[in-house]
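Visitor: I'd like to ask you about the structure that follows.
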Amino acid sequence: MNEPSTRGQTPRRGAEGSSRGTLSGVGLRLAYDRREVSRDLDISIPSGKVTVIMGPNASGKSTVLRALARLLRPTEGRVVLDGKDVRAYGPKEFARRLGLLPQSSLAPAGITVADLVGRGRFPHQQPLRPPTVEDAEAVRRAMEATRVDTLADRPIEEFSGGQRQRVWIAMLLAQQAPVMLLDEPTTYLDVSHQLDVLELVRSLNAAEGRTVVLVLHDLNQAIVYADELVVVHEGRVVASGAPSKVMTTELLRSVFSIDARIIHDAHLPHPVVFPLTSIRPEN
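All the letters of the sequence shown, read from the start, carry residue numbers 6 to 288 under the numbering used here.
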């Protein structure tokens, strides 16, 4: 599948993403109970771009995403959204600025596509008041953008993994948050649906200027779809920048424990990582 034609274009602001989000973490120490995952971690997410966070298993990448999303409170340091500590936001105000699609999402039994997407409007709604015209329009646009509008009245459990993922992304779009975090959105999808989801996210970023952060495993997908690549290893950010500069044979050896070639072809817009063998630790 060819790379999206929107790659490299300046993101445009749209009706749903009227302001861009800035997000960073400074001096983060992250832990679950007494198990420390990260210490002195700094991360800066470029506004209006697609950032991919990568790292080997148990490197702390999903933990970093949880901290950015305010689901895990740092024991040291702080996360800043639009110049303000995330802990200073009220729940609805924070949800109007940042949306999260976690690794595993469970929908209530029997819920239709339109109803699930409509739940993304919760941060904008008033208690005991019916949905507004603005709510309905946001849901309609989100379903059209993700191409699930023709499925609006059908229960979500009828669909394949790729279709379901589109519905969850539609709910995230209806939330209208300028910052979108997606934790491994291509897990359990076949290659075709993986590319479908990534191209959708990339096109939405280009059309609306939303700040997007993805956690991915596939090295070549990261090179193609990211503006910025952040590599996490043993709880620290060990590299960040343009994917073509960050992805080196030295990094692949030291972080991902593989010997690989990085191939540059005049007929391809990006370099390609070709793994050769894993590097087994010495006994």
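Even for Gly, the Cβ is constructed at its ideal location relative to N, Cα and C. Only a predicted model underlies this, so the values are computations on that prediction, with no experimental measurement involved.
1) Quick check on ILE284: does DSSP put it in helix, strand or coil?
2) Can the beta-carbon of ARG1 be found less than 8 Å from the beta-carbon of THR151?
3) Would you report the Cα separation of SER262 and ILE284, rounded to the nearest angstrom?
4) Assuming the contact rule is C-beta atoms closer than 8 Å, ALA231 and VAL69 should be a hit. Round their C-beta distance to whole Å, please.
5) Can you tell me which of the three DSSP states ILE116 falls into?
6) Out of curiosity, what's the CA-to-CA distance linking ARG39 and GLY240?
7) Taking SER49 as the reference, give the member of THR27, SER67, HIS275 with the closest Cα.
8) Going by CA-CA distance only, name the one from LEU103, GLN226, GLU149, SER245 that's closest to LEU186.
9) Since ALA198 is in the alpha helix (DSSP H), which residue starts that stretch and which ends it?
10) Drop a sphere of 10 angstroms on the beta-carbon of SER10, count the other beta-carbons inside from all chains shown, and report buried for 16 or more, exposed for fewer.
11) Could you round the C-beta distance between GLY115 and PRO136 to whole angstroms and report it? I think they count as a contact, below 8 Å.
12) Three or more C-beta pairs under 8 Å: does that hold for the segment 202-213 against the segment 172-179?
13) Could you compute how far the alpha carbon of LEU105 sits from the alpha carbon of ALA74?
14) So what does PRO160 bridge to, in DSSP terms?
15) Per DSSP, which one or two residues make a beta bridge with LYS89?
16) Between HIS238 and GLY214, what straight-line distance do the alpha-carbon atoms span, to the nearest angstrom?
17) For GLU204, count neighbouring C-beta atoms within 10 Å of its own C-beta (all shown protein chains included) and say buried if the count is 16 or more, exposed if not.
18) Let me check understanding here. Comparing Cα to Cα, which of PRO51, VAL42, LEU35 lies closest to SER29?
19) Look up ARG126 in the DSSP assignment and say whether it is helix, strand or coil.
20) Ignoring anything shorter than 3 residues, give me the beta strand (DSSP E) runs that lie fully in the segment 14-75, in order along the chain.
21) Can you tell me whether SER110 is helix, strand or coil according to DSSP?
22) Let me know the secondary structure DSSP gives ARG266 once reduced to three states.
23) Using the beta-carbon count (16 or more within 10 Å), is GLY22 buried or exposed?
24) Distance, Cα to Cα, LEU86 vs GLU163?
25) If distances are taken between C-alpha atoms only, which option among VAL118, PRO128, VAL184 comes closest to VAL153?
26) Based on the DSSP output, what are the partners of LEU186 in its beta bridges?
Guide: Inspection of the coordinates gives the following:
1) ILE284 falls in the coil class under three-state DSSP.
2) Residue 1 is absent from the model: the chain starts at 6 and stops at 288.
3) When the Cα atoms are used, SER262 and ILE284 turn out to be separated by approximately 5 Å.
4) The Cβ separation is near 15 Å, so there is no contact.
5) Coil.
6) Taking the Cα positions, ARG39 is about 15 Å away from GLY240.
7) Measuring from the Cα of SER49, the nearest candidate turns out to be THR27.
8) The residue from LEU103, GLN226, GLU149, SER245 with its alpha-carbon nearest to that of LEU186 is LEU103.
9) First, the residue type needs correcting, since residue 198 is His and not Ala in the sequence shown. For HIS198, the enclosing alpha helix (DSSP H) has its first and last residue at 196-213.
10) The pLDDT assigned to SER10 is 38, lower than 50, so where the model puts this residue is not dependable; a value taken from the coordinates is nonetheless given after this. Classification for SER10: exposed.
11) The Cβ separation is near 19 Å, so there is no contact.
12) Because the criterion of three Cβ pairs below 8 Å is met, the segment 202-213 and the segment 172-179 touch.
13) Each residue's Cα considered, the two are about 7 Å apart.
14) Its beta-bridge partners are THR117.
15) Looking at the DSSP assignment, LYS89 forms a beta bridge with LEU86.
16) Whole-angstrom Cα-Cα distance: 29 Å.
17) Here GLU204 is buried. Its C-beta has 16 or more other C-beta atoms within 10 Å.
18) Comparing Cα-Cα distances from SER29 to each of PRO51, VAL42, LEU35, the minimum goes to PRO51.
19) Helix at ARG126.
20) 28-37, 40-50, 55-59, all fully within the segment 14-75.
21) Note: SER110 maps to coil in three-state DSSP.
22) Annotated three-state conformation of ARG266 is strand, per DSSP.
23) With a pLDDT of 37 at GLY22, under the threshold of 50, the modelled position of this residue cannot be trusted; read the value that follows with caution. Answer is buried; the Cβ neighbour count reaches 16.
24) Looking at the two C-alpha atoms, the distance is approximately 37 Å.
25) Scanning VAL118, PRO128, VAL184 for the CA closest to the CA of VAL153 turns up VAL118.
26) The secondary-structure analysis by DSSP pairs LEU186 across a beta bridge with LEU105, VAL218.
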